[in-house]
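Engineer:
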Amino acid sequence: MVGFPPLRSFKDMSLALYATATGQPVACWPAGSEAVLRLTFGPGNTWLASGTGDGGIRIWRVPDGALLQSLNGHTDAIVALKLSPDGQTLASGSIDGTVRLWSLR
Numbered sequence: 000m001v002g003f004p005p006l007r008s009f010k011d012m013s014l015a016l017y018a019t020a021t022g023q024p025v026a027c028w029p030a031g032s033e034a035v036l037r038l039t040f041g042p043g044n045t046w047l048a049s050g051t052g053d054g055g056i057r058i059w060r061v062p063d064g065a066l067l068q069s070l071n072g073h074t075d076a077i078v079a080l081k082l083s084p085d086g087q088t089l090a091s092g093s094i095d096g097t098v099r100l101w102s103l104r
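Note that the sequence shown covers residues 0 to 104 in numbering that gives the first Met the number 0.
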């Protein structure tokens with residue numbers, strides 16, 4: 000079972016997924032060249048979205064860390080990520096002063 004805190008972001012820009020029952024890593028993958036500032040899991044914990052310091056958003060498959068999609072449009076750090084209740088829309092907020100809605104269909 001995966002629970003809080005399931006993820007860590009490291010200085011080497013990798014993400015690690017942990018099993019809370021054992022504290023052991025389940026998966027670890029490189030997350031890009033910028034610090035990950037925000038994370039949110041998708042429905043069923045089958046993917047997660049990460050928001051970075053350069054304004055990038057990436058969608059990762061869990062647990063193998065395959066990059067499924069990159070969302071570009073912000074010009075500064077992501078400070079908020081929220082998934083709609085139906086799991087079809089991702090809202091992101093940035094220091095650049097914008098809020099964007101991303102269709103994940």
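Backbone N, C-alpha and C define an ideal beta-carbon position, used for all residues, glycine too.
Which first and last residues belong to the beta strand (DSSP E) in which Val-35 is found?
Structural biologist: First-last of the beta strand (DSSP E) with Val-35: 35-40.
Engineer: Report the three-state DSSP secondary structure of Gly-43 (helix, strand or coil).
Structural biologist: Helix.
Engineer: Measuring alpha carbon to alpha carbon, tell me which of Ala-48, Thr-21, Pro-62 ends up nearest Ala-15.
Structural biologist: Minimum Cα distance to Ala-15 is reached at Pro-62.
Engineer: Taking Cβ positions, are Ala-76 and Gly-50 nearer each other than 9 Å?
Structural biologist: Contact flag set, yes.
Engineer: Might you give, ordered along the chain, the residues of its own chain that have their beta carbon closer than 7 Å to the beta carbon of Pro-29, omitting 5 neighbours on each side?
Structural biologist: Cβ neighbours of Pro-29 beyond the five flanking positions: Met-12, Ser-13.
Engineer: What ranges does the beta strand (DSSP E) occupy inside the segment 17-95, keeping only unbroken runs of at least 3 residues that lie completely in it?
Structural biologist: Whole beta strand (DSSP E) segments, 3+ residues: 24-29, 35-40, 46-51, 56-60, 66-70, 77-82, 88-93.
Engineer: I'd like the list of long-range same chain contacts for Asn-71, defined as Cβ closer than 8 Å, with 5 residues on each side in sequence excluded.
Structural biologist: Here the set comprises Gly-54, Gly-55, Ile-56.
Engineer: Could you spell out the range, first to last residue, of the beta strand (DSSP E) harbouring Leu-100?
Structural biologist: 98-102 is the span of the beta strand (DSSP E), which, as asked, contains Leu-100.
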